[in-house]
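As they're listed, the protein sequences go chains A and B.
Residues 1 to 415 in my numbering are what the first sequence spells out, letter by letter.
Residues 416 to 710 in my numbering are what the second sequence spells out, letter by letter.
Notes to accompany the following structure.
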Amino acid sequence: MMSGRSRTWVRAQRRPKRALFLSSPIGLGHARRDVAIAQELRTIHPDLQIEWLAQHPVTRVLADAGEPVHPASAWLANESAHIEDESADHDLHAFQAIRRMDEILVNNFMVFNDVVEETYYDLVIGDEAWDVDYFLHENPELKRFAFAWMTDFVGWLPMPGGGDAEASLTADYNAEMLEQRARYRRLRDRSIFVGNPDDVIDASFGPGLAGIREWTTANYDFAGYVTGFAPPSAAERAAVRARLGVAPDDLLCVVTVGGSGVGEALLHRVMEAIPLARRLQPSLRFLVVTGPRIDPASLPRRRGASVRGFVPDLYRTLAACDVAVVQGGLTTCMELTAAQRPFLYVPLENHFEQNFHVRHRLGNYGAGRCVRYAQASDPDALAAALVEEVSRTVAYRPVETDGAARAAAMLAELI
Amino acid sequence: MRALEPTVSGFITRADGIAVHYEVYGEGAPTVYLLMPDVIVHSRAWKAQIPFLARHFRVVVSDPPGNGLSGIPVSARQMDDRVQLDGQWAVLDAVGAEQAVLVGVCTGAGHSLIMAGERPERVLGACAINPGLRLTEPLPHRIAFDFDELRDSYEGWQKQNRHYWQQDWRDWSEFFFGEMFPEPHSTKQVEDCVHWSMTSGADMLTLEYASTYAGRDTPASRAICEAVRCPVLVINGSLDRCQNPLRSSIVADLTGGELVTIEGGGHLPQARDPVKVNLLLRDFIRRFAVPAPLG
Chain A
1 MMSGRSRTWV RAQRRPKRAL FLSSPIGLGH ARRDVAIAQE LRTIHPDLQI
51 EWLAQHPVTR VLADAGEPVH PASAWLANES AHIEDESADH DLHAFQAIRR
101 MDEILVNNFM VFNDVVEETY YDLVIGDEAW DVDYFLHENP ELKRFAFAWM
151 TDFVGWLPMP GGGDAEASLT ADYNAEMLEQ RARYRRLRDR SIFVGNPDDV
201 IDASFGPGLA GIREWTTANY DFAGYVTGFA PPSAAERAAV RARLGVAPDD
251 LLCVVTVGGS GVGEALLHRV MEAIPLARRL QPSLRFLVVT GPRIDPASLP
301 RRRGASVRGF VPDLYRTLAA CDVAVVQGGL TTCMELTAAQ RPFLYVPLEN
351 HFEQNFHVRH RLGNYGAGRC VRYAQASDPD ALAAALVEEV SRTVAYRPVE
401 TDGAARAAAM LAELI
Chain B
416 MRALEPTVSG FITRADGIAV HYEVYGEGAP TVYLLMPDVI VHSRAWKAQI
466 PFLARHFRVV VSDPPGNGLS GIPVSARQMD DRVQLDGQWA VLDAVGAEQA
516 VLVGVCTGAG HSLIMAGERP ERVLGACAIN PGLRLTEPLP HRIAFDFDEL
566 RDSYEGWQKQ NRHYWQQDWR DWSEFFFGEM FPEPHSTKQV EDCVHWSMTS
616 GADMLTLEYA STYAGRDTPA SRAICEAVRC PVLVINGSLD RCQNPLRSSI
666 VADLTGGELV TIEGGGHLPQ ARDPVKVNLL LRDFIRRFAV PAPLG
């Protein structure tokens with residue numbers, strides 16, 4: 001037997017084509033689109049092996065999709081747990097929460113670095129893998145693969161409550177990113193924006209810095225939005241409603257707060273409004289989806305409401321609703337937009353992405369009605385808003401359906 | 416949220432009754448002791464190293480007297496290097512580490528070298544980051560102003576003053592750590608250190624200032640280095656504003672150690688360049704890993 005350490009070096013032409021996919025693990029927003037992109041990428045490169053360095057709840061989606069998760073994933077520190085820890089009521093100061101995630105980001109980068117040290121990858125795809133993008137720019141000699149960066153927003157933005165101090169911090173973070181990009185162009189082989197140029201907010205990175213839209217347009221490729229699915233047909237919609245036991249005359253309201261454990265407070269607010277809403281509109285039936293990280297048993301029971309935990313392919317259920325109440329996360333809101341369903345969305349207070357970037361994009365599609373949490377906390381007001389929206393005829397700008405294929409084509413060139 | 420929780424945490428009690436808080440992470444070998452990073456901050460200053468190193472080795476950290484969860488001294492004698500060193504040996508005893516690799520920054524880096532010299536059979540290797548031993552004159556700004564002088568106002572390094580510390584500790588701390596991180600975009604690292612410094616405060620640092628340093632002069636500091644027999648890694652930030660950067664190269668010369676200079680780096684590279692420092696530490700410590708038994 002061998003003693004001590006042994007290593008193998010594989011000659012270059014014998015190495016299989018491999019990609020490592022990192023999907024942002026805060027919530028579930030990125031998991032579905034990344035699986036769709038990976039599937040499209042395999043149709044272009046059938047001999048490509050794709051592995052995932054991923055953590056819960058992304059692993060939940062990957063397991064359903066039969067995608068291989070790298071065993072080193074077990075060493076990752078959980079970002080969703082950190083974000084949940086940082087939130088209180090319906091409030092998440094996203095920028096500060098990510099700043100305070102610094103030690104988790106170092107840990108997770110070190111796990112990543114160990115993985116790419118031990119295995120040859122032709123391509124690393126980082127969908128908002130902040131740790132990898134940041135620390136590669138700080139340690140450029142560690143890059144040994146093509147690197148594709150993906151995101152659906154660009155620019156840290158201060159919340160008004162943070163005053164000058166926060167504005168100066170977000171500007172400093174933006175400036176550091178701009179300096180990294182200017183100095184190390186080679187670090188990213190592709191910067192892919194999941195969306196269109198007009199989805200980029202028309203704001204400034206900070207005093208004396210470039211405009212966010214102007215810079216992003218010049219420095220990114222645009223894939224269009226990636227839903228990760230074909231919009232369900234009328235027949236599929238009817239089938240989902242039948243499976244849920246929704247009678248033809250019933251009105252179905254789906255309530256969800258996405259894939260992290262943040263948002264439990266909003267679920268409680270909706271539960272309080274359900275009896276009032278049903279008094280105004282007795283045909284309303286509610287399906288409350290708590291997601292993979294909130295225990296359904298933690299919610300009270302309500303007549304006319306059923307509560308479920310993780311629902312695979314939630315987009316099908318969302319497409320079957322007559323109205324929805326959701327948080328301000330991009331993916332859920334865009335799934336409802338793509339399905340042309342009326343919905344109320346309640347951004348997390350102090351969450352710059354939900355309050356600025358997502359809201360701006362939904363405005364482009366003419367989709368959704370934004371409700372502040374204070375209003376959602378008034379059961380009468382929430383019930384009234386919900387009943388107003390139910391079955392409203394909507395005509396949103398159609399959401400593109402080729403985003404995954406376009407993103408995959410951009411990635412395929414790197415292999 | 417922490418990236419990793421300790422597997423064990425506890426206290427030892429020093430001969431003078433001061434409790435020293437320690438934590439153990441991971442179960443590998445060898446044991447790596449990240450020594451108290453200085454009185455002004457505490458063991459969280461190693462937060463970027465602990466989870467990574469703990470995947471490969473067993474990691475021990477402890478808080479200095481007067482900060483973190485350790486006890487609070489009332490006299491300068493309780494801040495003396497000698498009693499701090501005895502406390503750190505007691506931590507190693509408590510965690511059952513007959514041998515360890517020692518890693519320190521600033522004063523703690525001096526501790527790693529002193530410990531390596533006084534118990535060579537227990538120290539496998541020592542890593543000294545910006546070592547705080549008086550091998551050269553201090554940097555001019557550190558001795559330009561009288562620590563004891565009462566002034567009408569305090570600007571820049573004049574804030575290194577016992578009266579000003581009592582008057583506005585936070586402002587001193589913000590100034591000091593601003594100097595410790597000359598690297599652009601270090602807002603989070605400065606905030607962290609200022610936060611940790613608020614639990615030591617003016618009283619503890621005044622005691623520490625009046626304590627007896629083992630490396631109090633050049634001969635004593637040289638003797639500390641010359642006594643070291645184990646492999647040594649010195650990491651130096653070329654823009655260190657705390658310790659004269661020349662001290663690092665002298666430590667490397669006197670110990671026969673390896674010197675890694677971080678050009679453009681400051682006093683606390685483990686916080687500002689954690690990936691580079693982590694990889695340097697891993698490669699240094701790995702050489703002491705126990706080989707697998709013959710199969």
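All C-beta atoms in this analysis are idealised placements derived from N, C-alpha and C, irrespective of residue type, glycine included.
Since we're looking at a predicted model, the values are computed, not measured.
Query	Result
Chain A contact for Asn545 (chain B) (CB, 8 Å cutoff)	no
Contacting positions in the stretch 144-172 of chain A - beta carbon closer than 7 Å to chain B	Leu169 and Asp172
Contacts of Trp75 (chain A) in chain B (Cβ-Cβ under 8 Å)	Arg470
Cβ-based neighbour list, Val649 (chain B), same chain, cut-off 6 Å, excluding 5 preceding and 5 following	Ala543, Ser663, Val666, Ala667, Gly672 and Leu674
Residues, ordered as in the chain, of the stretch 125-145 of chain A that lie near chain B by beta-carbon distance below 7 Å	Phe135, Glu138 and Asn139
C-beta neighbour in chain B for Asp91 (chain A), strict 8 Å	no
CA-to-CA distance, Thr8 (chain A) to Met2 (chain A), given in whole angstroms	Confidence at Met2 (chain A) is low in this model, with a pLDDT of 46, below 50, so the placement of that residue should be treated as unreliable; the coordinate-derived value is given next. Rounded to whole angstroms, Met2 (chain A) to Thr8 (chain A) spans 13 Å at the Cα level.
DSSP bridge partner residues for Cys253 (chain A) (one or two, in chain order)	A:Phe286 and A:Val323
Proximity test, Cβ basis, 8 Å: Arg293 (chain A) and chain B	no
N-terminal and C-terminal residue of the alpha helix (DSSP H) that Ser6 (chain A) is part of	Note, Ser6 (chain A): premise wrong, no alpha helix (DSSP H); not H, not E.
Euclidean distance between Cα positions of Asp34 (chain A) and Gly259 (chain A)	15 Å
Beta-carbon proximity check, Ala617 (chain B) vs Trp580 (chain B), cutoff 8 Å	yes
Contacting residues, own chain, Cβ-Cβ under 6 Å from His357 (chain A) (five flanking each side not counted)	Phe153 and Ile201
Contacts that Glu103 (chain A) makes with chain B (C-beta to C-beta distance below 8 Å)	Arg417, Ala418, Lys462, Ala463 and Pro466
Given Gly443 (chain B) as reference, the closest of B:Thr428, B:Thr627, B:Thr422 and B:Pro452 once Cα atoms are compared	B:Thr422
Cβ pair Ile50 (chain A), Ala408 (chain A) closer than 8 Å	no
Through-space distance from Ala686 (chain B) to Asp632 (chain B), alpha-carbon basis	29 Å
Cross-chain neighbours of His70 (chain A) in chain B, by beta carbon under 9 Å	Here the premise fails: no neighbours, minimum Cβ distance about 15 Å.
Rounded C-alpha distance that separates Phe109 (chain A) from Glu84 (chain A)	21 Å
Chain B within 8 Å of His56 (chain A), Cβ atoms only	no
Beta carbon proximity, Met410 (chain A) to chain B, threshold 8 Å	no
Spatial distance of Arg406 (chain A) from Val257 (chain A) (CA atoms)	29 Å
Inter-residue Cα distance where the pair is Val115 (chain A) and Glu536 (chain B)	35 Å
Neighbour flag for Phe352 (chain A) against chain B, beta carbons, 8 Å	no
Contact residues within the stretch 578-607 of chain B, judged by C-beta distance below 9 Å to chain A	Pro599, His600, Thr602, Lys603, Gln604, Glu606 and Asp607
Assigned exposure category for Gly481 (chain B) - 16 Cβ within 10 Å defines buried	buried
Residue-level contact to chain B via CB, Ile37 (chain A), 8 Å cutoff	no
Distance, Ala704 (chain B) Cα to Arg697 (chain B) Cα	10 Å
Start and end residues, alpha helix (DSSP H) containing Gly403 (chain A)	Gly403 to Ala412
Neighbour list for Val106 (chain A) in chain B, Cβ cutoff strictly below 9 Å	Ala418, Lys462, Ala463, Gln464, Pro466, Phe467, Pro689, Val690 and Asn693
Identity of the residue in B:Leu468, B:Asp583, B:Ser527 and B:Val516 nearest Pro452 (chain B) by Cα	B:Ser527
Own chain, CB closer than 7 Å to Thr170 (chain A), minus 5 neighbours either side, in chain order	Phe95, Trp156, Leu157, Pro158 and Gly206
Closer than 8 Å to chain B by CB, Glu118 (chain A)	no
Beta-bridge partners of Arg446 (chain A), as assigned by DSSP	This structure gives no information on residue 446 (chain A), because the portion of chain A shown stretches from 1 to 415.
Proximal residues to Met410 (chain A) (C-beta, below 6 Å), its chain only, five neighbours per side dropped	Arg190, Ile192 and Asp221
Three-state secondary structure (DSSP) of Ile125 (chain A)	strand
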